[in-house]
Amino acid sequence: MKRIGLIFSLTVLLVAMSSMFVLADGLKLESTYPEDGQKNTSLENLGVKLYFDSDVSDEETIKANEDCFKIKDEKGKDIPIRVLVNPDEEGIVMVLAGYKEGVQAIENSTYTLHIDGEFIDNSGSTLGQDQTVTFTTLNQSRNMMINMGMMGVMFAGIFFVSQKAMKKNADDDRDRDRYVPVNPYKEAKRTGKPVEEIMEEESKRKAKHDAKLAKKAAKQKIDDSYDDDEDYQLPVNTYMVKKIKPISAVGGKTKSGMLARAEEKAKKEAARKKVQNYKNKKSSGQNKK
């Protein structure tokens, strides 16, 4: 019995000591966003999101922690803050800066959030010691220069690729326009045709190639003349069209072909009847006399 009592006493003592260690462990700040020392943080909604290891959303806890947060600028000056606690998210606290009118975050500037060691959770455990979170806002001027530089590199790349493509197209055009003569003797040996026949075919091919180049040069000359004549104006009642269309495409009709012949015949018939009526009237008048 004495042994059992001793074991029971030791068990109670160990449980009590474990509880004391747990209580001594206290409240912990597990993580923050932004993290301590982070750079290029957003200028909008400037603040810090804190993640604690226990719930801090009771009304009494929130009221007790009202003065446990401060945000200071680079000069050590306090800036206005607002502390938000969401009861649906356990252990999360938002400390937002510059919510008052006229207070704005400064780019490329360092801010420090101070958390008092007396900050408590719902069970009364405290943070134990003061903690700080330092962060630096975004350098917009530098980022703008970087973005402009990247855009410049991108446009330069596009220009280089387009110029390379244009040069390749020009080279391809030159290759297509270039006349490559054949050796009639080698061609005769390859095909078994007479040399005279191959030379005649080559002469025709050369003439056809020259005619094609002449036609292309004439067309290019006309296009260049239109491009150079910037002051050219169309005559009155003359309009440019994208392509030629028949008048029927816009609902019009032409007086040509069978329709024109029918109208001409009808006019002649009407004129003949008019003359005949006139003669008949004149003849009837003479008979009466």
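Taking this note's numbering, I'd label the letters of the sequence shown as residues 5 to 293. All residues carry an ideal CB built from backbone N, CA and C; glycine is no exception. Here the structure is a predicted model, which means the values were calculated and not measured.
- The straight-line gap separating the alpha-carbon atoms of GLU205 and LEU217 is approximately 18 Å.
- Short of 8 Å from the beta carbon of ILE124, and not among the five residues preceding or following it, lie these beta carbons of its own chain, in chain order: LEU31, VAL60, THR65, ALA68, ASN69, THR130, LEU131.
- ILE85 has ALA101 as its beta-bridge partners, per DSSP.
- For ILE119, the number of other beta carbons within 10 angstroms of its own is at least 16, and it is reported as buried.
- DSSP, read as helix, strand or coil, puts SER145 in helix.
- The shortest CA-to-CA distance from ASN112 to any of ARG86, GLY102, PHE139, PRO84 is the one to PHE139.
- Annotation: the continuous beta strand (DSSP E) that includes ILE119 extends over 114 to 119.
- Looking at THR114, MET244, LYS210, VAL245, the one whose alpha-carbon comes closest to that of LEU50 is THR114.
- Taking a contact to require three or more Cβ pairs closer than 8 Å, the segment 39 to 56 and the segment 139 to 158 qualify as touching.
- Fully enclosed alpha helix (DSSP H) runs of no fewer than 4 residues are not present anywhere in the segment 253 to 287.
- GLY51 is bridged by DSSP to LEU100.
- A straight line joining the alpha-carbon of GLU267 with that of ALA174 spans about 57 Å.
- If you look at GLU34, you'll find it in the beta strand (DSSP E) that goes 33 to 37.
- Out of PRO198, PRO38, LYS212, the CA that lies nearest to the CA of PRO185 is found in LYS212.
- The three-state secondary structure of THR242, taken from DSSP, is coil.
- Here ASP134 is actually not in contact with GLY153; their C-beta atoms are around 42 Å apart, not less than 8 Å.
- Sequence-distant partners of ASP176 (beyond 5 residues in either direction) whose C-beta falls short of 6 Å from its own C-beta are missing from its chain.
- Distances from the CA of LYS79 to each of GLU93, GLY95, THR116 were compared; the closest alpha carbon is that of THR116.
- Taking every protein chain shown into account, the CB of THR136 has fewer than 16 other CB atoms within 10 angstroms, so this residue is exposed.
- Rounded to the nearest whole angstrom, the C-alpha separation of VAL245 and ALA215 is 30 Å.
- Of the candidates ILE75, PRO91, VAL89, the residue whose Cα lies closest to the Cα of ALA101 is ILE75.
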